[in-house]
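Count along the sequence shown from 1, then add 7; that gives the number in this note's numbering. For each residue, glycine too, the CB sits at the ideal point set by N, CA and C.
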Amino acid sequence: MSEEKEQKKLEKEEQKRKQREERERLKAERKERKERERREKEQALDEMQELPDIEADQNSEELKCEPIFQPSKVEEGVVIPYECEEEPQEQPPILEEPLTILEEEAQEEDREGWFSRLRNGLSKSRMNFVAPLSRAMASRRFDDAFWEEVEEILVGADVGVDMTMILVERVKARMAREKVKEPEQLLALFRGVLAEALDTGAQYLRFATQGPSVFMVVGVNGTGKTTTIAKLGHLLQRDEKTVIFAAGDTFRAAGVEQLETWGERVGLHTVKHRQGADAAAVIHDAVESANARGIDVVIADTAGRLHTKTNLMEELKKIRRIAERGAQVTETLLVIDATTGQNGVIQASRFKEAVDVTGVVLTKLDGTAKGGIVVAIVHDLGIPIKFIGVGEGLDDLYPFDPEEFAAALFS
Ligand code: GDP
């Protein structure tokens, strides 16, 4: 064999060896990641066990006829009578509406600023998710090793194993149908499949058609509840809605002051009682005030931690019952911190069991490289994402639009 042939043979063998090693490395990484996910889930479930046994509470006869709260505890002269097992009343219809601000922002100039802020907020995810996809496609070798790599990337971005398989199957099917051969086309196809998977058709906020709408904001402390309330109030105000805040996180030290400070910053009134007061009484006052002043929306903060004696989930239900005496609770928004990844999903599923969550606000997407968590939330929880937070500023809350999200991520 000539020297040249010998050399080529050696090079080929070397290349094969490298490919083999790379496949083994990916395999080991996948195994490790799965193991880590399993450990994280176990840990999150352990943490969740601190939450009360919801089913047991729901079946409790005692709770059904519990007084809403003790009149002796009511502050500022407001007394709410005891009531047990209220007859459900017929409610006026609820309207699902896009914020018109979106249409304004859609105007050329604003649109650019709006989109580039969103794009910036997703830059970590783009680096970790879209950039490697793009690199993998560049070889134009769409073989098994390529698809394995794609799966690795999606799982690594917290899309979740099941949804990764589903997305990859959909992309493969469309790729064959549309005879896609070029990397750019394949990337665009990915973007389309992602946008479709995120589209629940229920992204808009729901408003009462008569009287004030109450938006309850629930979630674990530190997820960004208070900041989200401020951002949402600001957004609704820009949408020409009148808004007040109800400082219902009376449990946490400084919870009331924090919301009030935000209220002052955005120019919105905060209805408050002192720390430790009954949160239901705060909501009651806020709803009364909203009715008296013709306010459109009451955004109610709630405690994010268990009290030692009171059951958090029962308290949320109680707040809702009280609010519904004077208004319609049209949204219960669950705030989830995107940086907590799969743990956040597990946490959310516990809230979902206890309260009727109508939408998710996913905060801190700017702080994570694992933006794929949006897919896991929409699919594992079956709750629409209504807003995403991509920064600490007042304007960093975006109504969630799957097309726009996918475009910003893949741009
Ligand atoms: P709460 O305890 O749930 O009320 O959480 P806070 O509203 O106090 O927020 C906790 C921290 O998260 C604060 O430092 C916020 O500025 C920060 N935060 C909230 N939303 C976002 C977001 O979308 N992006 C980033 N980077 N930080 C956020």
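Quick check: what's the CA-CA separation for residue i versus residue j?
i, j, result
"glutamine 135", "glycine 311", "Strictly speaking, residue 135 in this sequence is asparagine, with glutamine absent from that position. Their backbone Cα atoms lie some 31 Å apart in a straight line."
"threonine 171", "glutamate 20", "33 Å"
"serine 141", "glycine 163", "15 Å"
"serine 418", "arginine 126", "8 Å"
"glutamate 73", "asparagine 318", "Residue placement at glutamate 73 is poorly supported in this model, since its pLDDT is 36, which falls under 50; the coordinates still yield a value, given next. Each residue's alpha carbon lies about 13 Å from the other."
"proline 139", "isoleucine 160", "7 Å"
"threonine 35", "glutamate 42", "The sequence given here places alanine at residue 35; threonine does not occur at that position. For alanine 35 and glutamate 42, the distance between alpha carbons rounds to 11 Å."
"lysine 25", "aspartate 408", "42 Å"
"arginine 300", "valine 397", "33 Å"
"glutamate 28", "glutamate 39", "16 Å"
"leucine 194", "threonine 277", "47 Å"
"valine 404", "threonine 235", "Per the sequence shown, residue 404 should be read as leucine rather than valine. Rounded to whole angstroms, leucine 404 to threonine 235 spans 7 Å at the Cα level."
"alanine 287", "glycine 229", "22 Å"
"glycine 400", "histidine 241", "11 Å"
"alanine 63", "arginine 357", "Because the pLDDT at alanine 63 is just 39, under 50, the model does not fix this residue reliably, and the value given afterwards should be weighed accordingly. In a straight line, the C-alpha of alanine 63 is about 14 Å away from that of arginine 357."
"threonine 337", "methionine 320", "18 Å"
"methionine 182", "aspartate 256", "50 Å"
"valine 227", "asparagine 350", "12 Å"
"glutamine 98", "alanine 145", "56 Å"
"glycine 389", "isoleucine 306", "23 Å"
"glutamate 90", "histidine 291", "Reliability fails at glutamate 90, whose pLDDT of 43 lies under 50, so the model's placement of it is uncertain and the value that follows must be treated cautiously. Distance between the alpha carbons of glutamate 90 and histidine 291: 14 Å."
"arginine 281", "alanine 261", "10 Å"
"glutamate 6", "aspartate 151", "Not covered by the structure: residue 6. The range shown for the chain is 8 to 418."
"alanine 297", "glycine 333", "9 Å"
"glutamine 22", "glutamate 11", "16 Å"
"arginine 184", "aspartate 387", "28 Å"
Three-state secondary structure (DSSP) at residue i?
i, result
"alanine 288", "helix"
"threonine 339", "strand"
"glutamate 321", "helix"
"glutamate 399", "coil"
"phenylalanine 153", "helix"
"valine 85", "Only weak support exists for where valine 85 lies, its pLDDT of 43 falling under 50; the value from the coordinates is given anyway. It is coil, neither helix nor strand."
"glycine 128", "helix"
"proline 100", "coil"
"threonine 365", "coil"
"serine 141", "helix"
"alanine 253", "strand"
"threonine 277", "strand"
"phenylalanine 412", "helix"
"isoleucine 392", "strand"
Nearest by alpha-carbon distance to residue i: which of the options is it?
i, options, result
"proline 219", "Ala330, Leu416, Val362", "Ala330"
"phenylalanine 214", "Thr207, Gly208, Phe222", "Phe222"
"lysine 248", "Ala202, Val304, Thr207, Ile392", "Val304"
"aspartate 402", "Gly301, Leu194, Arg245", "Arg245"
"glutamate 360", "Leu323, Lys371, Glu42, Phe394", "Leu323"
"valine 273", "Phe258, Lys279, Ile251", "Ile251"
"glutamate 156", "Asp256, Lys188, Lys131, Arg30", "Arg30"
"glycine 231", "Ile343, Arg327, Met320", "Ile343"
"threonine 216", "Gln335, Val385, Leu340, Val368", "Gln335"
"serine 132", "Val385, Leu404, Thr375, Gly389", "Thr375"
"valine 385", "Thr365, Arg328, Glu399", "Thr365"
"phenylalanine 153", "Ser123, Val168, Pro190, Phe122", "Pro190"
"alanine 237", "Ala261, Gly270, Glu104, Arg332", "Gly270"
"isoleucine 302", "Asp285, Lys325, Leu275", "Leu275"
"phenylalanine 258", "Thr233, Thr268, Leu243, Asp285", "Asp285"
Hey, would you say residue i sits closer than 8 Å to residue j, going by beta carbons?
i, j, result
"aspartate 308", "leucine 266", "yes"
"isoleucine 380", "alanine 345", "yes"
"valine 362", "valine 225", "yes"
"lysine 279", "valine 294", "no"
"alanine 209", "proline 391", "yes"
"isoleucine 395", "leucine 372", "yes"
"leucine 174", "valine 187", "no"
"alanine 253", "valine 200", "no"
"valine 382", "leucine 205", "yes"
"glycine 378", "leucine 196", "no"
"valine 137", "leucine 416", "yes"
Closer than 7 Å to a non-hydrogen atom of the ligand SAM - does that hold for the CB of residue i?
i, result
"aspartate 403", "This structure simply doesn't include the ligand SAM; it includes the ligand GDP instead."
Measure from the C-beta of residue i to each C-beta in chain D and report whether the shortest distance is under 8 Å.
i, result
"leucine 239", "This model lacks chain D altogether; it includes just one protein chain."
- prompt: What beta strand (DSSP E) runs, 3 residues minimum, are completely inside the region 177 to 251?
  reply: Runs of the beta strand (DSSP E) inside the region 177 to 251: 212 to 215, 220 to 225.
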